[in-house]
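Numbering (this note's numbering), first residue to last: 136 to 375.
Inspection log for the structure reproduced underneath, given as structure tokens.
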Amino acid sequence: MDFKHIVVLTGAGISAESGIPVFRSETGLWEEERVEDVCFPAALRKNPQKVHDFYNKLRSNLKDKKPNAAHLALTKLQVEGQKQGKKVTLVTQNVDDLHEKAGSTDIIHMHGELNSILCTSCFRRYPYFEDSSLNSVCKFCGKETLRPDIVFFEEMPYQLNKIGKALNECDLFLAIGTSGVVYPAAGFAQAARQVGACTVEFNLTPSAVRSSFTKAYYGKASETVPKFVDELLEGKLSFN
Ligand code: APR
136 MDFKHIVVLT GAGISAESGI PVFRSETGLW EEERVEDVCF PAALRKNPQK VHDFYNKLRS
196 NLKDKKPNAA HLALTKLQVE GQKQGKKVTL VTQNVDDLHE KAGSTDIIHM HGELNSILCT
256 SCFRRYPYFE DSSLNSVCKF CGKETLRPDI VFFEEMPYQL NKIGKALNEC DLFLAIGTSG
316 VVYPAAGFAQ AARQVGACTV EFNLTPSAVR SSFTKAYYGK ASETVPKFVD ELLEGKLSFN
């Protein structure tokens, strides 16, 4: 089948084989922190330095992490797909930089980025690679009101309009390494189905929204995704 507009949604599972822990696993929640202490607006109000320190650690941990075969396959899909007249919209829930390191472009980081900072006074967001603290100064307005550019629970994800438009226009939707429990991203497959797109899930096991997918591949993303991308680019995919 010849697909013209592909929307890809990635989650923590695509980066797991690069050594970045997923959020939800059988052994519990990530990084020995309670979500309430580092992932909610109330945590930022109550103990802002703890929140800065937590994301400083995650940002610093990114330095030696490398993209794996799944990230690289998505770059190939963007580059080679474009030569075939395919538009590929890459949306990630991940705050890491592995899609960038793999060479992908126009990445929509709907849950923010570790390598970015947000000013709560002037609301500018800009690239940031150092540790941040309560005393870090916004390069635009000069105020000491910077916070990690991470979308917390209870906050609005970024670029939902752009994502919604892409979902409305897509004929193929791929969800890679996401548990399907955090909305709105968990509802994207259903939205794509409603406009007649084929929807494909890549995971180790069925996600919470398995029923939204027309097809699924279970196994490591570093194995399933490159094979799928090659078959797609060679026009060998069949959805029967
Ligand atoms: N290959 C494919 N899938 C994998 C792999 C792998 N090698 N390893 C793990 N997975 C799958 C798991 O089975 C799980 O379904 O990746 C998924 C990871 O799920 P989560 O940890 O819940 O991550 P994600 O879906 O990205 O979380 C969504 O929740 O906490 C918030 O904002 C945070 O963006 C995050 C959002």
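Glycine is no exception: its CB is placed at the ideal position from the N, C-alpha and C atoms.
query, result
"Under the three-state DSSP convention, the category Tyr353 falls into", "strand"
"Assigned exposure category for Cys174 - 16 Cβ within 10 Å defines buried", "buried"
"Whole-angstrom distance between Lys200 and Leu193, CA atom to CA atom", "11 Å"
"Runs of alpha helix (DSSP H) lying entirely within the region 285 to 347, each at least 4 residues, in chain order", "295 to 304, 323 to 329"
"Stretch-stretch touch, CB-based, cutoff 8 Å, three pairs: the region 330 to 338 with the region 274 to 291", "no"
"The region 179 to 190 / the region 231 to 243 touching (three or more Cβ pairs under 8 Å)", "no"
"CB of Ala147 within 9 Å of CB of Pro361, strictly", "no"
"heavy atom of the ligand HEM below 8 Å from Gly312 C-beta", "In the structure shown, the ligand HEM is absent; the only ligands present are the ligand APR."
"Residue burial classification, Asp231 (beta-carbon count within 10 angstroms, cutoff 16)", "buried"
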